[in-house]
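K.L.:
First the structure, then my questions, so here it is.
Protein chains: 4
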Amino acid sequence: MARPKSEDKRDALIAAATEVIAAQGLSAPTAAIARGAGVSNGSLFTYFDTKADLFNQLYLELKTGMAAATMEGLRAEAPLREQFSLMWANWMRWATSNPDKRRALALLDGCDDITGQTRAASHQAMSDVAELVEQARADGPMRDVPMDFVVAMMSSLAEATMDFMVSDPEHADEHRGAGFDALRRMLGETNQRAAFSPR
Amino acid sequence: MARPKSEDKRDALIAAATEVIAAQGLSAPTAAIARGAGVSNGSLFTYFDTKADLFNQLYLELKTGMAAATMEGLRAEAPLREQFSLMWANWMRWATSNPDKRRALALLDGCDDITGQTRAASHQAMSDVAELVEQARADGPMRDVPMDFVVAMMSSLAEATMDFMVSDPEHADEHRGAGFDALRRMLGETNQRAAFSPR
Amino acid sequence: MARPKSEDKRDALIAAATEVIAAQGLSAPTAAIARGAGVSNGSLFTYFDTKADLFNQLYLELKTGMAAATMEGLRAEAPLREQFSLMWANWMRWATSNPDKRRALALLDGCDDITGQTRAASHQAMSDVAELVEQARADGPMRDVPMDFVVAMMSSLAEATMDFMVSDPEHADEHRGAGFDALRRMLGETNQRAAFSPR
Amino acid sequence: MARPKSEDKRDALIAAATEVIAAQGLSAPTAAIARGAGVSNGSLFTYFDTKADLFNQLYLELKTGMAAATMEGLRAEAPLREQFSLMWANWMRWATSNPDKRRALALLDGCDDITGQTRAASHQAMSDVAELVEQARADGPMRDVPMDFVVAMMSSLAEATMDFMVSDPEHADEHRGAGFDALRRMLGETNQRAAFSPR
DNA sequence: CATGAATGAGCGTTCATTCAT
DNA sequence: GATGAATGAACGCTCATTCAT
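Protein chains in written order, with this note's numbering: chain A, 1 to 199; chain B, 1 to 199; chain C, 1 to 199; chain D, 1 to 199.
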């Protein structure tokens, strides 16, 4: 059971779960997910012990995927400002390109089935992002605010920005920029200023 | 006119729904809500046509209550900065004093049963808050960002702040302050600075 | 309770029951019937102890009304053949003019709630009709068949005829005639022949 | 292919439905039917999508079975009169031997859940019977009456006859005969007479 | 007596999970 | 391991009937 026969089937189930949950909500029947994956309803339970188990694995996978997409292409040597900006762009792109994943993730986030353990692991997945934020707020006005709180605020601004980018795609770029500027202001513009006037 | 529909009973149902939903989620049985209100399961449906109807009415009531609590005691003549600060304090107090209402509201917000109409009405309920924000960002850096977006960002920061105040009550005051400062910075500190150095 | 206050209300309930049952079947809510009568749902039960009681009274009333309409204008002195023919015409007219009553009656007929007593009384209501048939079959081939059976057969032919008159109104007259002729043939044409060639 | 859907179980459900409906009417709980078939209530819905679906399939099956029983042992080469007489005997035997089926069929017939499609198919099932009637009325007095009407009349006489055979079993044979004679008279005795006096 | 809110048993259907094949 | 039939608890909602007003 540690390594079920077909990794493919597991992935198909995860993918189908994303779609179906995005479309029908968390109360979507497991049978619908199985069908979406081209698998019998019984088989779902050889890959996931429980619907809740599926939810937890899916949650973690989506969050990890999001984090990875967000950090994609970041070079540690690049100036902080550049890294930060790229991170935001990546994040927004992930959100707009993967509306199903985003919706499923949001639904799962507000769901009692998600274990503390899973939440902790998902937290872990965001550690690179957190580290970047850590640097960004380093000696700004939020220097004494708990990192988790800072990350939570940033995430919440990100979500709000995504919502507007999605609901008003004509001005998606402007919204992305407005969200980013708001974030920078919130964190304190020290690093930005530094970036602007190096010397 | 026979036994009239009792406002008390309706209120009891609304209150019970808040509690039960906070505790068990949106899939809580209507029978549990009725029991919580000390009423037969059938009676619930003389006050609400449908579970979804109950959800909509509850959502609106919670949101309206939240908005009212948030604006309580604000004097229009007072300096903007003072009003803004009091609003934030009110809001946070409502959230920490009414965790059930907050959780129920959050769950309902992500629920397909909530009508567009209901959402529109709930939007309306927040109009006073929005107006205050309108003034606060007036000639700051967000002056060209759509109001809805500004409000959404503020709300998202508020939610994040509430989460930390609740989960770490020892430092609730500091979190509240940190959230408020972050908000001010995001909106641009023009008005604050003005308030500080009137000279 | 023997004489409820308003005979009008009772009649309104009976009329509404006919309509509603014709439209929705026997499972129609009593509340719908009350509403149709412009009366509160509770009031229905001051006029009828029970839904089954309403059904019984309605059944009897419909059957009695049908029988009366069927015998309307028959002169006992008129030739049997003429009476018989008029009866048939009356019966068919009643059916085509009162489709709701007919449908309600049919539904009630196949319903377990109708008491043996009620059925006996309704039988009684048809006694005039039965008597006419009694004469018609007097010395024909059915002279030894139990009257009830003869009446039942006639009624069943009548129902079949009504069905076709209603479903194919363009040829209603022909269907009525065909049904009548079939009935006469079944009963034996002695009396008719006698009527035709008296001498 | 996993446990295949068992024909036995389906048949048990159909049989149980017949019994239960005959006993309790169409409002019989699906759970009662399932119990009668020795099956869980949920299982009923793997064999029938809906209570209405069960009703439709049952209706068709009963009607088809009745038609088959009615035509059983008829030899097309035999004289019409003999065929006709055997058909009637078969039909009456089916009715008296299967009172539950008959009652269930009657209830279903007056039920809105039965589709037009189902009715059409059930019509089809009676086509052999209809054909026989077609010949019987061929050049008699009903030669110009629509076949459906003729069949409907015959069926209605059959039902009346069955009622009396069942309710007065002591004279079942006489009733059967009386019904048959009535039918022959209705159709016109030409063919019979021809059969009697071939010369 | 009229009204309509209150009651609670009851029903059709769904669905996570199990297990025979 | 894969399949999908089997299971039965659970749920939203209805409705005949009662009873407070």
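Backbone N, C-alpha and C fix where the C-beta goes; we use that ideal spot for every residue, glycine too.
Less than 8 angstroms between CB atoms is the rule here; does A/ASP112 satisfy it with respect to chain B?
P.N.:
Position 112 of the first sequence holds residue 112 of chain A. Taking Cβ atoms only, chain B reaches closer than 8 angstroms to A/ASP112, which makes this a yes.
K.L.:
Which residues in chain A sit within 8 angstroms of B/GLY188, going by Cβ to Cβ distance?
P.N.:
Reading the second sequence from its first residue, position 188 is the one you call residue 188 of chain B. Ordered by position in chain A, the residues that pass the 8 angstroms Cβ test against B/GLY188 are ARG185.
K.L.:
Measure the C-alpha to C-alpha separation of C/GLY65 and D/PRO99 and round it to an integer number of angstroms.
P.N.:
Here residue 65 of chain C refers to the residue found at position 65 of the third sequence. Here residue 99 of chain D refers to the residue found at position 99 of the fourth sequence. Each residue's Cα considered, the two are about 32 angstroms apart.
K.L.:
Would you report the Cα separation of D/ALA34 and C/ALA76, rounded to the nearest angstrom?
P.N.:
As a first step, residue 34 of chain D must be located in the fourth sequence, where it is residue number 34. As a first step, residue 76 of chain C must be located in the third sequence, where it is residue number 76. About 58 angstroms.
K.L.:
Our contact map puts C/LEU157 next to D/MET147 with C-beta atoms below 8 angstroms; I'd like the distance itself, whole angstroms only.
P.N.:
The sequence position of residue 157 of chain C within the third sequence is 157, counting from 1. The sequence position of residue 147 of chain D within the fourth sequence is 147, counting from 1. Incorrect: roughly 16 angstroms between the Cβ atoms, too far for contact.
K.L.:
Check B/SER155 in the structure and name its three-state DSSP category.
P.N.:
Indexing the second sequence from 1 puts residue 155 of chain B at position 155. Helix, per DSSP.
K.L.:
Give the residues of chain B in contact with A/MET153, contact being defined as C-beta atoms less than 7 angstroms apart.
P.N.:
On the first sequence, residue 153 of chain A is found 153 positions in, with the first residue counted as 1. Per Cβ cutoff of 7 angstroms: LEU157, ALA160, ALA182.
K.L.:
Taking Cβ-Cβ distances shorter than 8 angstroms, what residues in chain A pair up with B/PHE164?
P.N.:
Along the second sequence, read from residue 1 onward, the residue named residue 164 of chain B stands at position 164. Going along chain A in sequence order, the residues near B/PHE164 (Cβ under 8 angstroms) are PRO146, ASP148, PHE149, ALA152.
K.L.:
Is the shortest distance between the beta-carbon of D/ALA52 and the beta-carbons of chain C less than 8 angstroms?
P.N.:
For this step, residue 52 of chain D is matched to residue 52 along the fourth sequence. By this cut-off, D/ALA52 is not an interface position.
K.L.:
Looking at the unbroken alpha helix (DSSP H) that takes in C/GLU82, where does it start and where does it end?
P.N.:
Translated into positions along the third sequence, residue 82 of chain C becomes position 82. Element bounds for C/GLU82: 80 to 97.
K.L.:
Can you have a look at B/SER122 and say buried or exposed, based on whether 16 or more other CB atoms are within 10 angstroms of its CB?
P.N.:
Translated into the one-based positions of the second sequence, residue 122 of chain B becomes position 122. Result: buried.
K.L.:
State buried or exposed for D/LYS5, treating a residue as buried only when at least 16 other CB atoms are found within 10 Å of its CB.
P.N.:
The sequence position of residue 5 of chain D within the fourth sequence is 5, counting from 1. So D/LYS5 counts as exposed.
K.L.:
Buried or exposed for C/GLN83, going by 16 or more other Cβ atoms inside 10 Å?
P.N.:
Residue 83 of chain C sits at position 83 when you count from the first residue of the third sequence. Buried, by the Cβ-count rule.
K.L.:
Alpha carbon to alpha carbon, how far is D/ARG185 from C/GLY179? Give it in angstroms, no decimals.
P.N.:
As a working note, residue 179 of chain C is residue 179 in the third sequence. As a working note, residue 185 of chain D is residue 185 in the fourth sequence. Cα to Cα, C/GLY179 sits roughly 13 angstroms from D/ARG185.
K.L.:
With a cut-off of 8 angstroms, does the C-beta of C/ALA31 fall near any C-beta of chain D?
P.N.:
Position 31 of the third sequence, counted from the first residue, corresponds to residue 31 of chain C. Cβ-Cβ to chain D under 8 angstroms: no for C/ALA31.
K.L.:
Excluding sequence positions up to five away, which residues of its chain have a Cβ less than 6 angstroms from the Cβ of B/PHE149?
P.N.:
Here the question's residue 149 of chain B lines up with position 149 in the second sequence. Cβ neighbours of B/PHE149 beyond the five flanking positions: none.
K.L.:
Would a check of beta-carbon distances place B/ALA76 closer than 8 angstroms to chain A?
P.N.:
For the purposes of this step, residue 76 of chain B is identified with residue 76 of the second sequence, where counting begins at 1. Not one chain A Cβ lies under 8 angstroms of B/ALA76.
K.L.:
Considering only their Cβ atoms, is the gap separating A/LEU108 from A/GLY25 smaller than 8 angstroms?
P.N.:
Position 25 of the first sequence, counted from the first residue, corresponds to residue 25 of chain A. Position 108 of the first sequence, counted from the first residue, corresponds to residue 108 of chain A. The answer is no: Cβ separation not under 8 angstroms.
K.L.:
For the region 7 to 14 of chain B against the region 54 to 62 of chain B, do three or more pairs of beta-carbon atoms, one drawn from each stretch, fall closer than 8 angstroms, so that the two count as touching?
P.N.:
Taking 8 angstroms as the limit for Cβ pairs, the verdict is that the region 54 to 62 of chain B does touch the region 7 to 14 of chain B.
K.L.:
Going along chain D in order, which residues have a C-beta closer than 7 angstroms to the C-beta of C/HIS175?
P.N.:
On the third sequence, residue 175 of chain C is found 175 positions in, with the first residue counted as 1. Those are PHE149, listed as they occur along chain D.
K.L.:
Taking only the alpha-carbon atoms, compute the straight-line gap between B/ALA172 and D/ASN41 and give it to the nearest angstrom.
P.N.:
As a first step, residue 172 of chain B must be located in the second sequence, where it is residue number 172. As a first step, residue 41 of chain D must be located in the fourth sequence, where it is residue number 41. Looking at the two C-alpha atoms, the distance is approximately 54 angstroms.
K.L.:
Taking the beta carbon of D/ALA78 as the centre, do at least 16 other beta carbons fall within 10 Å, making it buried, or is it exposed?
P.N.:
Taking the fourth sequence and counting its residues from 1, the one referred to as residue 78 of chain D is at position 78. With fewer than 16 Cβ atoms within 10 Å of its Cβ, D/ALA78 is classed as exposed.
K.L.:
Taking 8 angstroms as the CB-CB cut-off, is B/GLU19 touching chain A?
P.N.:
Along the second sequence, one-based indexing puts residue 19 of chain B at 19. Judged by the 8 angstroms Cβ criterion, B/GLU19 is not in contact with chain A.
K.L.:
For A/ARG102 and A/ALA95, which I take to be in contact (beta-carbon distance under 8 angstroms), what is that distance rounded to the nearest angstrom?
P.N.:
What you label residue 102 of chain A is simply residue 102 of the first sequence in a count that begins at 1. What you label residue 95 of chain A is simply residue 95 of the first sequence in a count that begins at 1. Contact holds; Cβ gap of about 5 angstroms.
K.L.:
Does any CB atom of chain B fall closer than 8 angstroms to the CB of A/SER27?
P.N.:
Numbered from its first residue, the first sequence carries residue 27 of chain A at position 27. Chain B, which has a Cβ nearer than 8 angstroms to the Cβ of A/SER27, makes this yes.
K.L.:
Check whether chain B comes within 8 angstroms of A/ALA89, counting only Cβ atoms and requiring the distance to be less than that.
P.N.:
The sequence position of residue 89 of chain A within the first sequence is 89, counting from 1. No, A/ALA89 does not count as interfacial toward chain B.
K.L.:
Within the continuous alpha helix (DSSP H) that includes C/SER43, where are the two ends?
P.N.:
Reading the third sequence from its first residue, position 43 is the one you call residue 43 of chain C. Residues 41 to 47.
K.L.:
Let me know if C/ASP139 comes out buried or exposed under the rule of 16 or more other beta-carbons within 10 Å of its beta-carbon.
P.N.:
Numbered from its first residue, the third sequence carries residue 139 of chain C at position 139. Per the 10 Å Cβ criterion, exposed.
K.L.:
Applying the 10 Å Cβ sphere with the 16-neighbour rule, what's the burial state of C/ARG199?
P.N.:
Along the third sequence, one-based indexing puts residue 199 of chain C at 199. Here the model assigns C/ARG199 a pLDDT of 34, short of 50, so the residue's position is not dependable and the matter cannot be decided.
K.L.:
Mark C/GLY188 as exposed unless 16 or more other C-beta atoms lie within 10 angstroms of its C-beta, in which case mark it buried.
P.N.:
For the purposes of this step, residue 188 of chain C is taken as residue 188 along the third sequence, with counting starting at 1. Buried, because 16 or more other Cβ atoms sit within 10 Å of the Cβ of C/GLY188.
K.L.:
Under DSSP, the alpha helix (DSSP H) around C/LEU187 begins and ends at which residues?
P.N.:
As a position in the third sequence, residue 187 of chain C is number 187, starting the count at 1. Its alpha helix (DSSP H) spans residues 172 to 187.
K.L.:
Tell me the rounded alpha-carbon separation between D/ASP112 and D/THR50.
P.N.:
Counting from one through the fourth sequence, the residue named residue 112 of chain D turns up at place 112. Counting from one through the fourth sequence, the residue named residue 50 of chain D turns up at place 50. C-alpha separation (whole angstroms): 14 angstroms.
K.L.:
Would you call C/ALA31 buried or exposed, if buried means 16 or more other Cβ atoms sit within 10 Å of its Cβ?
P.N.:
Counted from its first residue, the third sequence places residue 31 of chain C at position 31. Answer is exposed; the Cβ neighbour count stays below 16.
K.L.:
Which same chain residues end up closer than 7 angstroms to A/THR115 when comparing Cβ atoms and leaving out the 5 residues on each side of it in sequence?
P.N.:
Your numbering for residue 115 of chain A matches position 115 in the first sequence. Answer for A/THR115: ASN56, listed in chain order.
K.L.:
Using 8 angstroms as the threshold, is the C-beta distance between D/ALA125 and D/ALA67 below it?
P.N.:
Position 125 of the fourth sequence, counting from 1, holds the residue named residue 125 of chain D. Position 67 of the fourth sequence, counting from 1, holds the residue named residue 67 of chain D. Going by C-beta atoms, D/ALA125 is nearer than 8 angstroms to D/ALA67.
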